[in-house]
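Peer 1: Let me give you the structure first, and then I'll get to my questions.
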Amino acid sequence: MSYLEERKACVIVWARGMPMDAKVLVIDDEQEICALIGESLGARGLTCEKAYSGASGLQIMPVFDPDVVFLDVRLGDADGLEVLKSLLQLRPNLSVIVMSGHGSVSVAVEAMKRGAFHYLTKPFSLKEVDTLLDKALERLALNREVESLRREHDRTVKQALSGMVGESPAMQEVKAVLAKVAHSPATTVLIQGETGTGKEVAARTLHYLSEQRNGPFVAVNCSAIPENLVESELFGHERGAFTDAKSSRRGLLEEAENGSFFLDEISDLPLGLQAKLLRVLQERVMRPVGGSRDIPVNTRVVAASNRNLFECVQNGTFREDLYYRLQVVPITLPPLRERQEDLEPLLQHFIRQFAQDFKRPPIKIYPSNLEALRKYHWPGNVRELRNCVERAMLLGLATIEPGIAQANKILGQTTQILRRRPSSIGAMPVSSPGSSERDWVLRVKNPALEEVEKELIFKVLDRCGGNKIQAAELLGINRTTLYRKLAQYQIGTPPEPDEAELSDNAPPPS
């Protein structure tokens with residue numbers, strides 16, 4: 019086979035996998051060499067620029083931005099090695115192929131040591147040019163793929179971290195640790211922090227940063243499962259393992275295969291099961307209740323607690339060996355009061371979120387309002403802040419106020435609504451004998467925000483005789499939002515289909 023035929027085959031193979039938009043710069047004071055290489059490049063459909071001096075080559079470089087450079091090391095106006103240095107300073111990953119005569123091989127070798135990709139010895143053939151060009155373009159394709167993967171990774175990290183709002187030093191440190199440990203899928207992570215600091219959010223962030231992001235994220239609250247069911251729920255059971263085990267069932271740990279398993283409030287896990295969990299972490303196997311064989315475990319375990327686990331160890335309610343096994347990568351989430359600089363970004367984040375959810379204009383936060391929020395202690399942390407914003411947006415409050423202050427404002431506004439709209443609920447009185455006008459609207463025994471909202475909806479619905487249309491109008495929300503809240507708090511029964519269809523898209527009353 020002639021070289022032309024070989025070259026044609028080479029071009030076909032190259033065209034399938036090589037970059038078709040590659041640009042090549044030739045720097046040589048011999049115009050014949052530039053013409054020869056330019057002819058070869060043109061035959062392959064590549065863009066080529068020629069420079070007949072080192073100075074002109076360096077001028078063309080930033081404008082043309084080539085992917086490959088053929089550089090003569092013996093230029094009339096400059097030292098080729100110095101030109102090489104300047105080229106690599108402009109673009110460190112540039113593939114530079116140096117060209118030298120027989121007497122300059124040592125210079126070419128020195129150029130390789132200084133970062134040149136390869137070298138050609140003059141005189142050379144087109145075949146040699148093509149061979150080195152192929153290698154340079156392969157490198158270019160690989161660099162582009164790596165860069166694409168890096169950008170994709172950066173996007174994934176940014177998206178995964180978007181749920182953790184805040185740029186305070188404490189939160190930056192938490193994000194950095196999560197990003198680092200995400201690449202080690204077998205590493206156990208312990209997340210500690212007060213109630214409402216976002217422990218599950220951090221666990222989900224870790225999951226979406228990891229290679230298991232496409233696998234399941236299974237979360238379980240150890241304090242929410244009856245003690246006699248915890249083992250079966252976590253590890254599963256075989257048929258006949260106990261009285262009601264009429265069939266085999268996979269446990270939640272097995273459901274998290276190739277994903278992440280989040281154990282919230284792990285301090286409430288019974289001592290007997292702590293030993294079984296320790297075996298899972300150490301040996302990466304588990305055994306269902308009533309089972310006779312071990313099942314391999316391929317999931318990351320993330321544990322969380324709002325208690326001081328070391329104190330639990332000292333009190334004898336938590337195993338010391340499990341404590342140290344969980345402490346491989348400890349992460350402590352700071353309370354909201356210790357990261358005041360994150361308060362405003364969190365506020366704006368939740369305002370945007372609920373403005374979109376409720377299709378309402380966002381609440382404006384004024385400096386005086388922000389200062390009042392900063393002075394509040396926030397015992398419920400980010401969760402309490404989120405609930406405050408949701409409540410204010412839901413009920414159309416003009417400002418966002420923390421805790422009991424907001425609950426009292428809701429009480430007052432609800433009473434005013436009832437006075438203002440007696441026709442909305444018939445002739446029912448605002449007060450009844452033996453009670454204050456606020457007693458029937460809302461009697462707050464616990465100022466927790468979700469409880470306030472639940473009781474408010476319940477009382478208004480009760481006074482409307484169960485009429486959801488009147489209740490929604492009275493609350494100043496559309497019926498779709500009310501139905502969602504009724505389902506969330508399990509109040510009453512689901513709406514009738516014809517009632518739900520009356521005004522799903524109806525705007526809230528002004």
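Each residue of the sequence shown is one higher than the last, beginning at 19 in my numbering.
Backbone N, C-alpha and C fix where the C-beta goes; we use that ideal spot for every residue, glycine too.
Just so it is clear, the structure is predicted and the values come from calculations on it, not from any experiment.
Which word fits L460, buried or exposed, when buried means at least 16 other C-beta atoms lie within 10 angstroms of its C-beta?
Peer 2: As a first step, residue 460 must be located in the sequence shown, where it is residue number 442. Its pLDDT being 39, under 50, L460 is placed unreliably by the model, and the measurement read from it follows with that caveat. Per the 10 Å Cβ criterion, buried.
Peer 1: What is the C-beta distance between G290 and E256, in whole angstroms, given that I count them as a contact (C-beta under 8 Å)?
Peer 2: Here residue 290 corresponds to residue number 272 of the sequence shown, with the count starting at 1. Here residue 256 corresponds to residue number 238 of the sequence shown, with the count starting at 1. Actually they do not touch by this definition, with Cβ atoms about 19 Å apart.
Peer 1: Since I349 sits in a beta bridge, which residues does DSSP pair it with?
Peer 2: Against the sequence shown, residue 349 aligns to sequence position 331. Answer is I209, bridged to I349.
Peer 1: Mind the definition here: the segment 317-324 touches the segment 213-224 only if three or more C-beta pairs lie below 8 Å; say whether that holds.
Peer 2: Contact holds: three or more Cβ-Cβ distances are below 8 Å.
Peer 1: What's the C-alpha gap between R392 and Q358?
Peer 2: If you number the sequence shown from 1, residue 392 lands on position 374. If you number the sequence shown from 1, residue 358 lands on position 340. Cα to Cα, R392 sits roughly 7 Å from Q358.
Peer 1: Where do the N-terminal and C-terminal ends of the beta strand (DSSP E) with K68 fall, by residue?
Peer 2: Here residue 68 is taken as the residue at index 50 of the sequence shown, counted from 1. Unbroken beta strand (DSSP E) run through K68: 65-69.
Peer 1: Would you be able to state if there are at least three C-beta pairs under 8 Å between the segment 193-205 and the segment 263-275?
Peer 2: Not touching, per the Cβ criterion.
Peer 1: How about E251 and L270: do their beta carbons lie closer than 8 Å?
Peer 2: Working through the sequence shown from its first residue, we reach residue 251 at position 233. Working through the sequence shown from its first residue, we reach residue 270 at position 252. A contact, by the Cβ cut-off of 8 Å.
Peer 1: Is L108 closer than 8 Å to D47 when the C-beta atoms are compared?
Peer 2: The residue you call residue 47 lines up with position 29 of the sequence shown. The residue you call residue 108 lines up with position 90 of the sequence shown. Cβ distance not < 8 Å, so D47 and L108 don't count as in contact.
Peer 1: For Q508, which residues in the same chain have their Cβ closer than 8 Å to its Cβ, ignoring the five residues on either side in sequence?
Peer 2: Counting from one through the sequence shown, the residue named residue 508 turns up at place 490. There are no such residues.
Peer 1: Quick check on D457: does DSSP put it in helix, strand or coil?
Peer 2: For the purposes of this step, residue 457 is taken as the residue at position 439 of the sequence shown. Note that D457 scores 38 on pLDDT, short of 50, meaning its location in the model is unreliable; the coordinates nonetheless yield the value given after this. In this structure, D457 counts as coil in the three-state DSSP scheme.
Peer 1: In whole angstroms, what separates the C-alpha of R370 from that of P380?
Peer 2: As a working mapping, residue 370 is identified with position 352 in the sequence shown. As a working mapping, residue 380 is identified with position 362 in the sequence shown. Near 7 Å, if we compare the C-alpha coordinates of P380 and R370.
Peer 1: Could you tell me the distance, in whole angstroms, from the CA atom of Q190 to the CA atom of H367?
Peer 2: Residue mapping note: residue 190 aligns to position 172 of the sequence shown, counting from 1. Residue mapping note: residue 367 aligns to position 349 of the sequence shown, counting from 1. Looking at the two C-alpha atoms, the distance is approximately 17 Å.
Peer 1: With 16 as the cutoff for other CB atoms within 10 Å, does F9 come out buried or exposed?
Peer 2: As displayed, the chain neither begins before 19 nor continues past 528, which places residue 9 out of reach and without an answer.
Peer 1: Measure from the alpha carbon of Y226 to the alpha carbon of each residue in R173, E212, I475, N485, then state which is nearest.
Peer 2: If you number the sequence shown from 1, residue 226 lands on position 208. Taking only the C-alpha atoms, the option nearest Y226 is R173.
Peer 1: Give the C-beta separation of L388 and L364 to the nearest angstrom, bearing in mind that I take them to be a contact with Cβ-Cβ under 8 Å.
Peer 2: In the sequence shown, counting from the first residue as 1, residue 388 sits at position 370. In the sequence shown, counting from the first residue as 1, residue 364 sits at position 346. Contact flag wrong, Cβ pair sits at about 12 Å.
Peer 1: Terminal residues of the continuous alpha helix (DSSP H) containing M117?
Peer 2: Along the sequence shown, read from residue 1 onward, the residue named residue 117 stands at position 99. No alpha helix (DSSP H) contains M117, which is instead part of the beta strand (DSSP E) from 113-118.
Peer 1: Using C-beta distances below 6 Å, list every residue in its chain close to A194, excluding the 5 sequence neighbours before and after it, in chain order.
Peer 2: One-based indexing of the sequence shown puts residue 194 at position 176. Correct list: empty, nothing qualifies.
Peer 1: According to DSSP, is T215 part of a helix, a strand, or is it coil?
Peer 2: As a first step, residue 215 is located in the sequence shown; it is residue number 197 there, counting from the start. Coil, per DSSP.
Peer 1: Across the segment 50-58 and the segment 72-83, are there enough close Cβ pairs to call them in contact, namely three or more that are closer than 8 Å?
Peer 2: Counting Cβ pairs under 8 Å, fewer than three are found: no touch.
Peer 1: Have a look at V315 and V303 and give me their C-alpha separation to the nearest angstrom.
Peer 2: On the sequence shown, position 297 is the one that residue 315 refers to. On the sequence shown, position 285 is the one that residue 303 refers to. Answer to the nearest angstrom: the Cα atoms are 5 Å apart.
Peer 1: Grab the span of the alpha helix (DSSP H) containing D375 for me, first residue to last.
Peer 2: Along the sequence shown, read from residue 1 onward, the residue named residue 375 stands at position 357. D375 -> alpha helix (DSSP H) spans 361-376.
Peer 1: Under a Cβ-count criterion, where at least 16 other Cβ atoms within 10 Å of its own Cβ denotes burial, should Y342 be classed as buried or exposed?
Peer 2: For the purposes of this step, residue 342 is identified with residue 324 of the sequence shown, where counting begins at 1. By the neighbour-count rule (16 or more Cβ atoms within 10 Å), Y342 is not buried but exposed.
Peer 1: Just the Cα atoms here: how many angstroms apart are C482 and A489?
Peer 2: Position 464 of the sequence shown, counted from the start, is the residue given in the question as residue 482. Position 471 of the sequence shown, counted from the start, is the residue given in the question as residue 489. In a straight line, the C-alpha of C482 is about 6 Å away from that of A489.
Peer 1: DSSP three-state label for F328, please.
Peer 2: As a working note, residue 328 is residue 310 in the sequence shown. It is helical.
Peer 1: Over the uninterrupted alpha helix (DSSP H) stretch that includes E405, give me the two end residues.
Peer 2: Looking up residue 405 in the sequence shown gives position 387. Looking at the sequence shown, residue 405 is not Glu but Asn. Segment 399-413, the alpha helix (DSSP H) holding N405.
Peer 1: Taking the C-alpha atoms as reference points, what is the distance between D339 and R305?
Peer 2: On the sequence shown, position 321 is the one that residue 339 refers to. On the sequence shown, position 287 is the one that residue 305 refers to. So the two alpha carbons sit approximately 20 Å from each other.
Peer 1: Given this structure, state the Cα-to-Cα distance separating R355 from H395, to the nearest angstrom.
Peer 2: Residue mapping note: residue 355 aligns to position 337 of the sequence shown, counting from 1. Residue mapping note: residue 395 aligns to position 377 of the sequence shown, counting from 1. Approximately 6 Å between the Cα atoms of the pair.
Peer 1: Out of R132, Q49, I475, V298, state which residue places its alpha-carbon closest to the alpha-carbon of L344.
Peer 2: In the sequence shown, counting from the first residue as 1, residue 344 sits at position 326. That would be V298, whose Cα lies nearest to the Cα of L344.
Peer 1: Measuring alpha carbon to alpha carbon, tell me which residue in A73, T149, S74, V44 is nearest E67.
Peer 2: To locate residue 67, count along the sequence shown from 1; it is residue 49. When each option's Cα is compared against that of E67, the closest is V44.
Peer 1: I'd like the list of long-range same chain contacts for L64, defined as Cβ closer than 6 Å, with 5 residues on each side in sequence excluded.
Peer 2: Taking the sequence shown and counting its residues from 1, the one referred to as residue 64 is at position 46. Closer than 6 Å at the Cβ level, and outside the excluded window around L64, lie A40, V42.
Peer 1: Would the segment 159-173 count as touching the segment 129-141 if we require 3 or more Cβ pairs under 8 Å?
Peer 2: Touching, no.
Peer 1: Name the one or two DSSP bridge partners that N239 has.
Peer 2: Walking along the sequence shown from the start, residue 239 turns up at place 221. Note: N239 sits in a beta bridge opposite D282.
Peer 1: In terms of alpha-carbon separation, which member of G211, I284, T498, K103 lies closest to I243?
Peer 2: Locating residue 243 in the sequence shown gives position 225, where the first residue counts as 1. Here the closest residue by C-alpha is I284.
Peer 1: Would you mind sorting F260 into buried or exposed? The rule is 16 or more other CB atoms within 10 Å of its CB.
Peer 2: Position 242 of the sequence shown, counted from the first residue, corresponds to residue 260. Classification for F260: exposed.
Peer 1: Compare the beta carbon distance of D282 and N232 with 8 Å and say whether it is the shorter of the two.
Peer 2: As a working mapping, residue 282 is identified with position 264 in the sequence shown. As a working mapping, residue 232 is identified with position 214 in the sequence shown. Going by C-beta atoms, D282 is not nearer than 8 Å to N232.
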